[in-house]
Amino acid sequence: MPLHLKNPHSILAVLQTRPQDVYEIRLPDPVAGPWRLVRSSAAEIGVKFAGETRGSRRRGRTGRTGGAEAVIRERRAVTVQDLFANVSGTGLWLALDRVQDPHNVGAIFRTAAFFGVRGILLTRDRSAPLTETVYDVASGGVEHVPFCFPANLSRALDLARKANLWILGASEHADTGLDRIAADRPWLLVMGNEERGLRRLTLDKCDATCRIPSTGRVASLNVSVAAGIFMQKLAAPPDTTNG
């Protein structure tokens, strides 16, 4: 089903990674900021313009303008086997166990792209689908992180272990703090539902669990904020040996 994206940064990412999946673009009036890059990039590859919208010059911080959008094809998911095809050394993968807010999913994709996360598993049942909101909040992140929708998360975690990944569950009830976990191996970090956290079956599959220690009076964090802190700690540093 076609998606209608309104964030120019998300649209630019699609143009750069899979331009064949852009059906048409509607530009704002005037064309300014990141929309200029959208127009020039689209013109270079011959993407169809639907015309320029008029009557709205109101922009948000992302550069989004009322009426301006791109109609695109959804990005294809990969298989679980493909997601774990090249596990070696260090690296970080994510699994989202029934995360339901599309804004959280989009924010996690954006942060995952920033830190070079190798892939994301998303549960099918009681989880946010990858809607326009997810793509736009991710600001291009969906285009840069492979993802899959395993029919059964428990079996997918078994496959991860067979691929030599270590499974780490994020839980505010864990005894171990994040500071005790080192990015010295390939980790699959599992983040749970906004209200209930990780399911018991998921916890049973983890090699370890850990929490972010609170130093203030609030005991927990939004799942996308927590995921960002975990990613900053666990994502392996970039390989500079070939630079």
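Read in order, the letters of the sequence shown are residues 1358 to 1600 in the working numbering. Ideal Cβ placement from N, Cα and C applies to all residues, glycine included. Just so you know, these numbers come straight off a predicted model, no measurement behind them.
For asparagine 1550, does the count of other Cβ atoms within 10 angstroms reach 16, so buried, or fall short, so exposed?
buried
Leaving aside the five residues before and after glycine 1497 along the sequence, list all residues of the same chain whose C-beta is less than 6 angstroms from its C-beta, in chain order.
His1366, Ser1367, Ala1370
Check the C-beta distance from valine 1494 over to histidine 1460 and give it rounded, since I have them as a contact under 8 angstroms.
5 angstroms
Under 7 angstroms between the Cβ atoms of serine 1581 and alanine 1464?
yes
Expressed to the nearest angstrom, what Euclidean distance is found between the alpha-carbon atoms of aspartate 1596 and tryptophan 1523?
Reliability fails at aspartate 1596, whose pLDDT of 49 lies under 50, so the model's placement of it is uncertain and the value that follows must be treated cautiously. Using only the alpha carbons, I get a separation of about 21 angstroms.
Measuring straight from C-alpha to C-alpha, what distance separates isoleucine 1382 and phenylalanine 1504?
25 angstroms
In three-state DSSP terms, what is alanine 1592?
coil
Would you check if the distance between the CB atom of alanine 1517 and the CB atom of phenylalanine 1441 is smaller than 7 angstroms?
yes
Going straight from the alpha carbon of glutamate 1426 to that of glycine 1554, what length do you get?
35 angstroms
By how many angstroms is the C-alpha of leucine 1449 removed from the C-alpha of alanine 1592?
5 angstroms
Tell me tryptophan 1544's beta-bridge partners as DSSP assigns them.
Leu1449, Trp1523
Whether valine 1462 touches valine 1491 by CB criterion (7 angstroms):
yes
According to DSSP, simplified to helix, strand and coil, what is leucine 1372?
helix
Identify which residue in His1530, Thr1488, Leu1514 has its Cα closest to the Cα of arginine 1430.
Thr1488
If distances are taken between C-alpha atoms only, which option among Arg1568, Leu1546, Val1404, Leu1510 comes closest to arginine 1483?
Leu1510
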